[in-house]
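Numbering (the working numbering), first residue to last: 54 to 508.
Structure record follows, encoded as structure tokens.
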Amino acid sequence: MPYTPRKAYIVGVGMTKFDKPRGERDYPELGLEATVKALIDAGITYDHVETAAVGYCYGDSTCGQRVLYQLGLTQIPVLNVNNNCSTGSSAVAIAANAIMSGQVECALALGFEKMAAGSLGSAWNDRAPPMEGTMSQLFEIEGDKEYEVDDFGPFAARIFGAAGQEYCERYGATWDHIAQISAKNHKHSVNNPYSQFRASPSAEEVSKARKITRELTLPMCSPTSDGGAAVIVASEDFVKANKLEDRAVELAGMGIATDSPRLYEDKSRIELAGADMSRRAAQKAYQQAGVGPKDIQVIELHDCFAANELILYPALGLCAEGDAHKIVEAGDNTYGGKWVINPSGGLESKGHPLGATGVSAVVYLSLQVRGEAGAIQVKDREVKYALSNNVGLGGSAASFILTKPPFYKEGGHNKDRFGYDLASEVRPVSEEELAKVRSKHISDYVPPSLPESKL
């Protein structure tokens, strides 16, 4: 008989505020805060977690264990994940696959990052860079004839800026459209207390801001960030056994993809930015969920640079190739339009701690589906389906589609678990909250924790 995978459900979410790297909070604290909040939201302890996938890009080999040992030495598998900017989504996929395959009933996906200030760079100079093929393709396509290499700006920004420029050249859009996307995302972030930036520059101000590359200005670029995010993923049996029907969000579709030959064969700057793997991931997610772009109400997509949001509209099936700027002109990417895209503020505003980014999109969308997203909640329509997109050059792309399951019970709210509205107020976790979710079976073990002033 053909194998039919079980369904997976998000039953608990937690997150720290994303903030500018200042060296004030270390990754064990960031990861612990996010995990404790997710466990409290689910109403369970760490003893219920049977496996964990932990994503981060900047850190030594067992940072996941360093974080989770604070909750108890329960001997569960802890899998550390690094997949560039899609690291967080990769962790969610690993946790979901553990549920869907029947290996476990409850899994944790955690992502965090403690980043250095300034643009991204490699820690290695004695080995081949993973993206050397993409780098050589960009040099070949653009020529490097009119500009010195250093004039282009940071390499990631160069890729996405070049992709936006190609879209404008091909389809008649202008950089004013991209400035409008950036202004829209910054405006959304004003209502998100977890966002790194909460200013709201106009499109004109975005356009006139300091240039980072030939095309991109500073407000069009995501910042480096510190932060953490976590989700608890469970089976239907676990949901019902623990009476979590009032918070279970079904992972209806999941698509994970890497690059196709178009990365090199098309000689396209848009393809160098990962467009085809996003197409593939979205198509797989839609197919699995049995829905299409018109069924989606809210989207969190990977706007590491504002130009990437523009080229992702057709990649996610929201419009035909060449019509992305028409979505901008019609206001179909914000409240009152066809879709609300990046209500969190997107990476440009809420921040981009690489390991946490993909997990945070699932956190935000789970709250949207539950109707608990606070001031950024989509209120003019019921959120029946929510779509996330996460892109890591090099490459990996992930899309998830979330919805309420048929057995969902209205009436629950995270305020009942926390004593405050999780989406509207950012609070650190207390020693009491940590004690509440720490393993009870390892009662004679008191793990090293951060000073009380840090919790």
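Glycine included, each C-beta is placed from N, C-alpha and C at the ideal position.
- Restricting attention to S255, S248, Y339 and A283, the CA atom closest to the CA of D72 is found in S248.
- Counting along the chain, Y224 sits inside the alpha helix (DSSP H) bounded by residues F208 to Y224.
- Relative to the Cα of I147, the nearest Cα in the group R119, A105 and E486 belongs to A105.
- Per DSSP, N442 lies in no alpha helix (DSSP H); the unbroken beta strand (DSSP E) holding it starts and ends at A439 to G445.
- Membership of I152 in the alpha helix (DSSP H) is indicated by the continuous run T140 to M153.
- If you look at L83, you'll find it in the alpha helix (DSSP H) that goes Y80 to A95.
- Under the three-state reduction of DSSP output, N361 falls in the helix class.
- DSSP places A373 outside both helix and strand once states are collapsed to three, so it counts as coil.
- Listed in chain order, the alpha helix (DSSP H) runs fully inside the stretch 393 to 472 are 399 to 403, 407 to 423 and 467 to 471, counting runs of at least 4 residues.
- Comparing alpha carbon positions, the residue from I495, K493, G472 and H494 closest to K90 is G472.
- S154 counts as exposed, since fewer than 16 other C-beta atoms from the protein chains shown sit within 10 angstroms of its C-beta.
- D376 and S449 have their alpha carbons spaced roughly 25 Å apart.
- Beta-carbon to beta-carbon, I231 and A383 are separated by about 16 Å, too far to satisfy the 8 Å threshold.
- Non-local C-beta neighbours of R315 in its own chain, meaning closer than 6 Å and more than five positions away in sequence, comprise E324 and D329, ordered along the chain.
- For the stretch 286 to 347, the continuous alpha helix (DSSP H) assignments of 4+ residues that do not extend past its boundaries occur at 289 to 294, 315 to 318, 322 to 325 and 328 to 342, in sequence order.
- In this structure, the straight-line span from the alpha carbon of Y461 to that of E298 is close to 5 Å.
- Residue pairing for G281: DSSP places it in a beta bridge opposite F165.
- Here A149 has A61, V286, L304 and M307 as same chain residues with Cβ atoms under 7 Å from its own Cβ, once five neighbours each way along the sequence are excluded.
- Minimum Cα-Cα distance from H466 among the listed residues A95, K70, T57 and P74 corresponds to A95.
- A distance below 8 Å separates the beta carbons of I364 and G217.
- For I63, the enclosing beta strand (DSSP E) has its first and last residue at Y62 to M68.
- The criterion of a C-beta distance shorter than 8 Å is not satisfied by M168 and D319.
- Cβ-Cβ distances below 7 Å link K240 to S253 in the same chain, with the five nearest sequence neighbours on each side left out; the list follows chain order.
- Take the alpha-carbon of G112 and the one of A170: they are about 15 Å apart.
- Membership of L487 in the alpha helix (DSSP H) is indicated by the continuous run E484 to V490.
- Secondary-structure assignment with DSSP links C159 through a beta bridge to A287.
- Taking the Cα of F208 as reference, the smallest distance to any Cα among E185, E258 and Y220 is reached at E185.
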